[in-house]
Every structure is written in structure tokens, then in C-alpha cells.
Amino acid sequence: MRVEFCYKFKLHSHGFAIYTVHPICDITDLPILTILANINSTTMLRIFWSIICHILFASNFLNNSASALGNITDHSALLKFKESMSSDPFGVLNSWNSSTHFCMWHGVTCGHRHQRVTEIKLVGYKLQGSISPHVGNLSFLRVLYLDDNSFHANVPRELGRLFRLQAISFANNTLGGRFPTSLTNCTQLREIGLYGNNFTGQIPMEIHSLAKLEYFNVARNNLIGRIPPSIWNLSSLTVLDFWYNHLEGNIPEEIGFLKKLTKMSVSENKLSGMLPFSLYNLSSLTHLHTAGNQFHGSLPTNVFTTLPNIRQFWFASNRFSGPIPSSISNASRIQMFDIGFNNFVGQIPNLGKLQDLSVLAVGENNLGSNSSYSGDDWEFIKSLVNCSQLYIVIVESNNLGGPLPKIIGNLSTHLAQFAMADNQISGEIPTELGNLVNLIFLSIENNLLTDVIPESFSKFQKMQEMYLKINKLSGEIPATILGNLSQLSQLDLSDNLLIGKIPSTIGNCKKLQAVDFSLNNLSGAIPTQLLSLSSLSILLNLSHNSFSGNLPPEVVMLQNIERFDISENHLSGGIPENIGDCSSLEYLFLEGNSLDGVIPSSLASLKGLLQLDLSRNNLSGSIPQELQNNSVLEWFNASFNKLEGEVPMLGVFQNASRVSLTGNDRLCGGVAELNLKICLPKNVKKRKHHIRRKLIIIIIFSIAFLLLLSFVLTIIIYQIMRKRQRKTSADSTIVQFPKVSYQELHHATDGFSDQNLIGTGGIGFVYKGRLNSEERVVAVKVLNLQKKGAHKSFLAECNAFRNIRHRNLVKIITCCSSVDHKGDDFKAIVYEYMTNGSLEEWLHQNAEQQRTLKLEKRLENVNGIASALHYLHNECEKPIVHCDLKPSNVLLEDDMVAHVSDFGLARLVSTIDGKSNNQTSSMGIKGTIGYTPPEYGMDTQLSTEGDMYSFGILLLEMMTGRRPTDEMFKDGYNLHNYVKIAFPNNILEIVDATLLSTENSHLLVTTEVARDLHPNVERSLSSLFKIGLSCSVESARERINIEEVKTELNIISKALADEGK
């Protein structure tokens, strides 16, 4: 018989000993029977215990050998981990050396039994490097926390070998690559925290193998695709966070299987669809975040009954609609309720039972009654008085109307942010609002608030940002408010009716970074206390007020300001030379004042200056050549000053479209596109100057001699001239028209009565009247001289009509430039009265009107307008640009013939060297929104092409019945695009419905199925649409001219005429 091992014994007098072991031996080699026969019981017992001891010794030897081997593996793996670090700023791995056992190393925990590594926790030490794949050799590892460091590269797949791993977190590092699928092999995992990294790809389907998973957070990564369906089967999940990824698809009903779920966030992804009802039945939920997706639908009425434990409800920035469920009153534990940027409607319900509510954000919805007189929209404020923890309230951009209730002052004193902007709040600001003394942010801008700013606002000693712009607030800025708001950083009171001076107490606001007082009626000098605020870094806007005096030298204190705007005031004096020390300036607007002196060369030291506007002042001298060295300057406007000399050639001055110098006749040089005269050489200038000086001396002596001889005659002539100047108009162009007095026009219009008022415009009113001198009905346009540009408009219109006559231009009878019964300037223009009103009235009728403008008449009107434009552009001595062509400026006489009117913006196109130059720059020229070509908004170059754009839009409006300012046109979508999309195959879907009505039945073909247009008529409509599109293209160069338009219109007219025969 053979066995694998056997022991051979040698018996001694005192017992026995094992002396050899053979791998294979024959049992017959042992004289076992003889041995047993000679051994007594005591010896047998000794033999038994000796064998047991040797077996235990052998077993312990094997275990110690295995443990020693494991220690070596762990020790080596940890050292490899340390080697993979490129930076250890806090030296936390210094203890990782051979002088101490690795179980004593910082961040390492070992088991007591085997001394094997079970935990590694190195959180927040700013370690840099990659995760060593040798970590996968730590086979006893249960916890691996490496959060808040700078680990990069991919997660090594070797981590999938850690079958004992229960928790892993690499949050807030820069790890990348695809989601570490190998982790799904670690079936004991209960926690995965990978948020705040750069992982890409999809969440693996194998995630279902982690049946014990309780915490899964992959927020703030770049994951894509759908959420794997298998994840909804992980019934142990309590926290699920996908925030800020690129996940798509919807949330299925299977989410209802996650009964233990307490926190769920899918915010800031690309998820869509309706949220399943099973989600709202997860009663354990405390945090539910779906913001920043494309979910739609309404909230179930009982949503807050089925979610009794909800604390955070964040549904902002989706497409949810319907009312806010009244069951919200049951959500007694809710702390944050944010549904902003959706389409919720109705009233805000009673929130009085929400004792823990701290954040209420319902802005950017359609809540409220949409009435400025409603008293119900603010009922919820009364219930909020019970919410003692309230910290943030955002109700801006809704339809909340009516006055603010006085009880608003009883809201929680913890309230820090209150946003009510962009509603229809009316009435005065309640004084009680000042009781909210802990406010740091208040926004009530863009409402209908009236009266004064309450003195109680002086209690806002913690206020940092306050926005009251775009209201109708009046009175002065209370000095006490600015004196006490020492923490204020941003203040916006623009676009109100405020008067008086800026209080000097504004100097107490030492932390102000942005101030906007523009578009008010403030006056006086700009306080030095304001200019001395070195904290101003974002904006100081005082434009469109009535400030006067000089710009103080304290402006040098604004060394951190980026945008400084004091345009459209009454400031005088020079521009301080030290303004060049405001080194952070990017935008400087000084236009529309009475500033004089030279342009400071120090402006060239503003290396970050992007835009500089000095237009419409009295500046003289030359443009500093140093300005051309500013490489970032992108816009320079010095038009309408008294500048002279050579224009720089480099920098911004290389691009004529970024420079405006109109109205400075003594400038020369520059790039050719500026069309300035050539500068004379310096030696020629000196010679001319010398000759000029001699001539001046001779002329002076001659004049003195003549004055001495004819002193009396000169005085008489002077008196005669003064009398003539009083009697004549300031504008010589109106002398050619028959004279009419103010009294005659006053009598003709029954004292400019409301009964005779037939229209209003941007700068005046139009009355119907009857002149006694001619006994005919006329239209009297009275200009409102308080409006900016009215005087120029009067001169332009009289100029335009001085030498032009055409059947399709409205006939001017006379102009009146006089004074009214109060002694104020009075200017009016008398036109031929058009009995059928304007084209605007025919295209866009009221419901009571039953007039129809047939296609033939519309075509006749288009032909008439085109004829008028052709005359203005090509047949006048100098081309005239109308600048404001629109339906309300096209009048219709008895026989419906169109007459183009309102030349208040018209400009003569200049002639240079005998050649027609079809463009002239004129800053401030504006037409009407929707009809003005896009190029006018950029460099304001007036051109005949601009009129063609207006003609194209007018034609498209006549054919579609839609105004270019229709509310459907926004975000870059306009009338041109609307027609272009339908052209040419679907034009019948956009054509004005009245053209297909019974009044135009002669244009239709009746069949058994339907009534369709005659083919020729449809082709004519298509041709008209094509003309409109060709005229209204964005590029001025690509627009067709009026000659081409007239040719096309003649063809269309002939085709329609043949169809009618």
C-alpha cells in the first residue's frame, strides 16, 4: 500500500522523535505492530499530543507566511500610490516611509487581525497626480476616499478587483475618461461619489449588479445618453444625483420602485417629457431637483400631500404650466420652493403654514391677473407674514399688479433678498417696506410705481444692491438714504422722473461699484463726492439729465471705473487732462454737451479704451495722433464739433465704419473712405499763413477807414437788418411759400381743438382745418418743439418740398414759423388734406371698420410709392433720401392715389466733385423701428438703399397684413424671415386674408372642391413677394434699386390687367 506522505519514528528511552518525512513510502517499511506492542498508554498519550502540536505549528507557519506575503503586497501598493503623486503641498505622504509600519501611515487604516489595509482616506490635501493601478492589489480595501484633490487621468480598471470595496469617492478632482465600468464588479459597493470631475460617456448598463448601492452621485461631469433603465431597480438607493451633465430622455414610471429615495437631483441636463406620477408618490423624498431641463406638464393637485417630507422643491427653468397646487399648504417642512422660469399661471396660493420656508422663488412665470389695478395679486404676502424663516423672495417677471400692501413691512426680519421687478405694481412704495432692515438686495424695477422714494429706506443699512429703475418715481433723491446705506455696492434709479441735485451724502457710500441715475431730470453740478468714490469700478451713468457746470478734476479719482457716461447734459468747459489717469476705462461717453477746448492727448494712455464718443460738443483743435496707437479702440465718434487738422491713419482710424467725424469741415486727410479733403503740405501752409496775415492787416486798415467814413450809415443798415430778422423765419427755405400766420392756423383749426385732431407723430400733432384765404380743407402739422430734433425736422421737411413736385408726393401749401399767443416759438407745416387717411388705417382696421383694400388698389399704391421714390432718388437736382417710409406716411386721396408724406427726416445726398455720392453720415438719424435698415443702427450711413429696405418691408406688410413690429417677431425673427420661409411654395398661407375674401372673388377660380386663385394672380402675388424680399435683404449692396422695382411692377400690373379682361 502506498501513501502520499508518511512520518518515520525512532523510539527513544524517554519517548520518541520525528526524524524524517518521505514523499512516498511503503507502510510495510514501518514495524508498526512491533512499535505498538512495545508502547504503554502513557507513551501513546505523549505521541498523540506531540503530533497535535506539530500540526498546529505547521498551520501557524503557513498563516504567518501568507500574512507576511500580504503585508509585502499592501506595502508595495501604497508606495506605488505615493510614487504616482506629482505634488504633495501639505506633505501628508511624508510619513509613508520604511521607518514606520504602513498601518501607521497618515490616512491609512488596517484591520486588527491580519494587519491588511482596509481604508484609505486622503481628503482635501490638494494632492496632484494619477491614481496608481497598484491600488487594485489592496484586496482587503473597503473604503477609498480621495475627495477634494487634483487627481487626473482615468480611474484604473484594476480597482474592479477590490471585491470587498464598500465605499469609493473621488469627488472634486479632475479625473476623466469614460465612466469606470470596472467598478460594477465591486458588488459590495454601497456608496459611489464621483461628482465634480470630467467623466464622459454613458452610465454603464452593468450598474444593476450593484444591488446594495445606497448612494450614487455623479453630478458635475460630462456624462451623456440616457439614464440606464436598470438603475431604477436598485431598490436600496437613498441618494441619486445626476446634476449638471448632458443626460437625455425622460424619467420612467419605474422610478417609483425606489421607495427609500430621499434625495434626487436631475437638474441641469437635457431631460424632457412629463414627470411620472410615481415620482410624486415617493413619500420619503426630502429633496427633489429637476431644474434646468425641458420637462413639461402641470403639477398634480395633491403633489404636496403625497410628498409630506419634502424640504427642497426645485423645478426652475423648465416648461411646466398650470397653477401652483393649493396643496402646497400641506408641505409644512418645505424650506426651498423654486419654480422660476416656467409658465405657471394663476394666483400664488396661501403659504402661511410653511413655517420653515426660507426661499420662495416663483419669478419668470405668468402668475397674477395681468392688471395694474388688481387687489388680489398680493394676497399671498399676507400669508407670508407667518413664515418667520423667510430669507429670499423672488416674484419678478410675472403679471402681478396693483399696489403693494402695507403689511409687506411685517415680513420676516430675516428677509435678505426681495425681487419684484418686471411686474405691473402701481401706486407708491409703502413706507413700511423700510422695516425689512436686513435686506441686502431689493429690485422693484420696471413697474408703474409713482410718488417719491420713501425716507424709510434709510433703515437699509445692510443694503448692497438696490434697483428702482424704469418707474415713474418723482421728487428728489433723499439725502438720508444715501447717507446711511454705507454697504451699498450697486444703485440704479435710472429712467424715472427724479429732480434736483445728487445729494453730497452719496460720498458716504464708500463701497459703491455701479451707479446709474440716467434718464431723469436731475440738475446742478456733478458732486465731487460722487467722483471721489474710488470704489466705483463698473459703471457711472449720469446721461440724459440736466447737469451743468464743468467736469471737475476729481474725475481722476475714478481710476477703477470701466464705463463712464455723462452724455446728453448741459456740461461745459474743457475735458480734464487728468482723465487719462482713469486707467480702467473701457467706455467713455461725453456726447451731447457743450464741452470745449481740445481733446486731451492723455486719452491715448487709456490702453483698455474700447469706445469713445465726443460728438455734438464744441471741441476744437486736432485729433491727438497718439489715439491711433490704441490697439483695442473699436469706436471713435467726434462728429459735430469744431475740429481741424489731419486725421490719424492707423488703429481705429483705418476703418471708416468705426469712425464718425461728420460736421467737422476743417478736418483733412485720413483714409479715403472718410471722404475728407486732402491736407496741404506744412510749407504751403506756412506760406499761405504769411500771405493771409498781410492781407488781414491791409483789410483791417481798410475796414477801419471805411467804418470811420460810414459810421452813421452802418448803424442805420444794422437797425434795418435787425427788424428784418425779427419778421422773417430762421429758415430761408420757407420764404418761397405763401405766408400764413399763427392766428390764421389757430382760427382754421378751432384753436387746435381735439375734435380736429386727426393724428399724432413722434414730434408733433396733425389737425384738420379750413383756411379762410382759400376756403379749402387742409392738414396742419404742428411741431412739438420740446421734442429733440423737432426744429431740424421742420427745416428738413420745408427744404425737401422747396423744389420738388410730383403726383405721388403730398403737396405742401405753406410753412409757418412764428410765435404763439404765449410768445413761444411756433412752427407748423400746412399740407393738402387727404380724405381717405393713411395706408396704415386701411391695412390695419378696427373691428368696427368694414373697408377692404383690393389687390388692384394695393398694386396701384405700390406703383405710386415706387414712382415717388424714383423721383426722389433719380429725378431731383440732388437725390433725396426719405429716411422714414412706412404705411402711416403714405396718404390716400379721394381716388385712393397714394401720396408719400412726412419728410421730417429727409436728407439731401451730397455731391462731391460733380459725382453723386449716395451716402452721407449723420449721427442721431433714426427712422421707425421695423422699417429702418439694419445698417442705420451701426454706422448711421444714410443711403437710397436704406429707403429701398423700408419700401421692401412696407410691401411685405401690404401683402401679409402683418406689421414688422408684430409681437410674433422677436429674437432675430422678423417679417422678412417670415415671408422668406413661406416663399415661394406656401405664400397663400401668409397672404393677407382679405385678399382672398368675397370682395376679391374676381381673383378666384371656383371648383367643386375649393376656391383657388387664378394662376396669373398667384404668380403676380409671388412676384410682389419676391420684390419685397429683394428690397429688404440685410446687405445694402444686395438690394435691388428703384429702377428694377418699377420694371417688375409694370410687368405685374400688365399681367393683372390682362387677367381682368
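Read left to right, the sequence shown gives residues 41 to 1101 (my numbering). For each residue, glycine too, the CB sits at the ideal point set by N, CA and C. None of these values were measured; they are calculated from a predicted model.
- If you keep only unbroken beta strand (DSSP E) runs of at least 3 residues inside the stretch 275-363, you get 279-281, 286-289, 303-305, 310-314, 327-329, 334-338, 352-354, 359-363.
- Beyond the five residues adjoining it in sequence on each side, residue 227 comes within less than 8 Å, by CB distance, of 203, 249, 250, 251, 252 in the same chain, given in chain order.
- In the displayed model, residue 113 falls within a helix according to three-state DSSP.
- Take the alpha-carbon of residue 255 and the one of residue 209: they are about 10 Å apart.
- Residue 861 is classed as exposed because its beta carbon has fewer than 16 other beta carbons within 10 Å across all chains shown.
- Between the beta-carbon of residue 489 and that of residue 455 there is about 19 Å, and that puts the pair past the 8 Å contact cut.
- Separation of residue 342 and residue 880 (C-alpha to C-alpha, rounded to the nearest whole angstrom) is 52 Å.
- In the structure shown, residue 569 adopts helical secondary structure according to DSSP, grouped into three states.
- Across the set 464, 418, 460, the C-alpha of 418 shows the shortest separation from the C-alpha of residue 445.
- Restricted to the stretch 679-742, the beta strand (DSSP E) segments that are unbroken, complete and at least 3 residues in length are 682-687, 706-709, listed in chain order.
- In this chain, the beta strand (DSSP E) harbouring residue 376 covers 376-378.
- Spanning the alpha carbons of residue 278 and residue 205 requires a straight line of approximately 19 Å.
- The residue from 653, 562, 550 with its alpha-carbon nearest to that of residue 597 is 550.
- Taking all protein chains shown into account, residue 603 has 16 or more neighbouring C-beta atoms within 10 Å of its C-beta and is therefore buried.
- Contact between the stretch 901-912 and the stretch 852-868 is absent, with fewer than three C-beta pairs closer than 8 Å.
- The residues 405, 407, 408, 463, in chain order, have a CB closer than 6 Å to that of residue 438 in the same chain once the five nearest residues on each side in sequence are set aside.
- DSSP places residue 443 in the strand class (E or B) of the three-state scheme.
- Taking residue 690 as the centre and dropping the five residues before and after it, the same chain places the C-beta of 668 closer than 6 Å to its C-beta, in chain order.
- Of 849, 198, 855, the smallest CA-CA separation from residue 874 is found for 849.
- Cβ neighbours of residue 552 within its own chain (closer than 7 Å, five residues either side excluded): 528, 529, 531, 573, 575, 576.
- Restricting attention to 1081, 1063, 428, 335, the CA atom closest to the CA of residue 1096 is found in 1063.
- For the options 876, 857, 847, the alpha carbon positioned closest to that of residue 905 is the one of 847.
- Judged by beta-carbon spacing, residue 296 lies within the 8 Å limit of residue 319, meaning their Cβ atoms are closer than that value.
- Cβ neighbours of residue 717 within its own chain (closer than 7 Å, five residues either side excluded): 708.
- DSSP places residue 1071 inside the alpha helix (DSSP H), whose first and last residues are 1055-1071.
- Within the same chain, 614 come within 6 Å of residue 637 by CB-CB distance, once the 5 residues on both sides are set aside.
- Beta-bridge partners assigned by DSSP to residue 810: 817.
- In this structure, residue 122 and residue 133 form a Cβ contact; the two beta carbons are roughly 5 Å apart against a cut-off of 8 Å.
- Going by beta carbons, residue 1003 and residue 884 fall inside the 8 Å limit.
- Counting only residues of its own chain and dropping the five nearest sequence neighbours on each side, residue 293 has a CB closer than 6 Å to the CB of 316, 318.
- Close CB contacts of residue 424 within its chain, under the 7 Å cut and outside five residues either way in sequence, are with 391, 430, 451 (chain order).
- Around the beta carbon of residue 477, fewer than 16 other beta carbons sit within 10 angstroms, so the residue counts as exposed.
- Relative to the Cα of residue 825, the nearest Cα in the group 797, 816, 858, 411 belongs to 858.
- Annotated as proximal: residue 994 and residue 927, with beta-carbon spacing under 8 Å.
- By alpha-carbon distance to residue 145, the top candidate from 152, 161, 153, 154 is 161.
- Counting only the Cα atoms, residue 397 lies some 47 Å from residue 970.
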